[in-house]
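**Q** Numbering (this note's numbering), first residue to last: 16 to 268.
Have a look at the structure that comes next, please.
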């Protein structure tokens, strides 16, 4: 990579870190940049996952107060996404990249739709529960299953996995949106961290790209957490949907 390309990758890491903690589609920024500077798609994907892990760590640390409000839910999200990401990482190494990439835009569109309509769906579900029933502040088996599926996707490709987790938590629980957003960042961390361990030992990585992304994302992740907790839920939800739609279109092209 030329010095200019290295700067672009560093800035992509910074932007991706911010996106990890806010709208949750970091890879839609950083992955295309790595491909544009000449990395093969599978190498770019694996390097991107490893490089963005520090951003997810700093972002989760930035949301630590929200995560402490519901430690059991946080533990379940961490565990399910970690287990799922093992499957996803193995699939990335075992299958042709085109197998899953062909459905990625559709998955992102579907999750954006869920995030957009989630308030109405959640209100409908609450209205159908018996009067006086407690809010759903735990992870049901069904929600846990879909959290694991999100982890599989996060370990394989990851672009939009945060949006998926936000949709899963929004429909499966009655947690405040700011807490769900924090848990979304934790889910990205779990998937990236476990997949990164596998990729370090079993995948081809461009370590220069990894280090540049890591340097940028660790700053962006913490900054994004500070921004994300201050954004109104409606504005943040709108940003997630718009960013996801743009990302899906870019992936089609």
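In this text, a Cβ means the ideal position worked out from N, Cα and C, and glycines have one as well.
A quick note: this is a predicted structure, and the numbers were derived from the prediction, not measured.
Report the option in 114, 249, 260 whose CA atom is closest to the CA atom of residue 135.
**A** The shortest C-alpha separation from residue 135 is found at 249.
**Q** Is DSSP giving residue 16 helix, strand or coil here?
**A** Three-state DSSP puts residue 16 in coil, outside helix and strand.
**Q** Restricting to Cα atoms, I'd like to know which of 99, 83, 111, 189 is closest to residue 165.
**A** Nearest option by C-alpha distance: 99.
**Q** Between the C-alpha atoms of residue 189 and residue 21, what's the straight-line distance to the nearest angstrom?
**A** If you take the alpha carbons of residue 189 and residue 21, they lie about 43 Å apart.
**Q** Please report the Cβ distance between residue 53 and residue 41, rounded to the nearest whole angstrom; I am assuming they are in contact, meaning their Cβ atoms lie under 8 Å.
**A** The pair is not a contact, with the Cβ atoms about 21 Å apart (cut-off 8 Å).
**Q** Could you give the DSSP three-state label for residue 56: helix, strand or coil?
**A** Residue 56 falls in the helix class under three-state DSSP.
**Q** May I have the straight-line CA-CA distance separating residue 237 from residue 157, to the nearest angstrom?
**A** Distance between the alpha carbons of residue 237 and residue 157: 31 Å.
**Q** I believe residue 209 touches residue 65 by the beta-carbon criterion, under 8 Å. Please report the beta-carbon distance rounded to the nearest angstrom.
**A** Their Cβ separation, rounded to whole angstroms, is 11 Å, which puts residue 209 and residue 65 out of contact at 8 Å.
**Q** From residue 114 to residue 173, what does the alpha carbon distance come to, in whole angstroms?
**A** So the two alpha carbons sit approximately 15 Å from each other.
**Q** Starting from the C-beta of residue 97, find all residues in its chain whose C-beta is less than 6 Å away, skip the five residues before and the five after it, and write them out in chain order.
**A** 205, 209, listed in sequence order.
**Q** Taking 7 Å as the cut-off, decide whether the C-beta atoms of residue 88 and residue 154 are in contact.
**A** Cβ distance < 7 Å, so residue 88 and residue 154 count as in contact.
**Q** The alpha helix (DSSP H) with residue 172 in it runs from where to where?
**A** Premise fails: residue 172 is in no alpha helix (DSSP H) and is neither H nor E.
**Q** Could you compute how far the alpha carbon of residue 338 sits from the alpha carbon of residue 127?
**A** The structure shown has nothing for residue 338, since the chain only spans 16 to 268.
**Q** Distance, Cα to Cα, residue 176 vs residue 161?
**A** Whole-angstrom Cα-Cα distance: 11 Å.
**Q** Can you find the residues in the same chain that come closer than 8 Å, C-beta to C-beta, to residue 242, ignoring five residues on each side of it along the sequence?
**A** Within the same chain, residue 242 has close Cβ partners 33, 36, 37.
**Q** Taking the alpha carbon of residue 95 as the point to measure from, which residue in 108, 43, 201, 83 has its own alpha carbon closest?
**A** Comparing Cα positions, the closest option is 201.
**Q** Taking the C-alpha atoms as reference points, what is the distance between residue 182 and residue 196?
**A** If I take the Cα positions, the gap works out to 10 Å.
**Q** Per DSSP, what kind of secondary structure is residue 237 in: helix, strand or coil?
**A** DSSP places residue 237 in helix when its eight states are reduced to three.
**Q** Can you grab the Cα-Cα spacing for the pair residue 106 / residue 169, in whole Å?
**A** So the two alpha carbons sit approximately 11 Å from each other.
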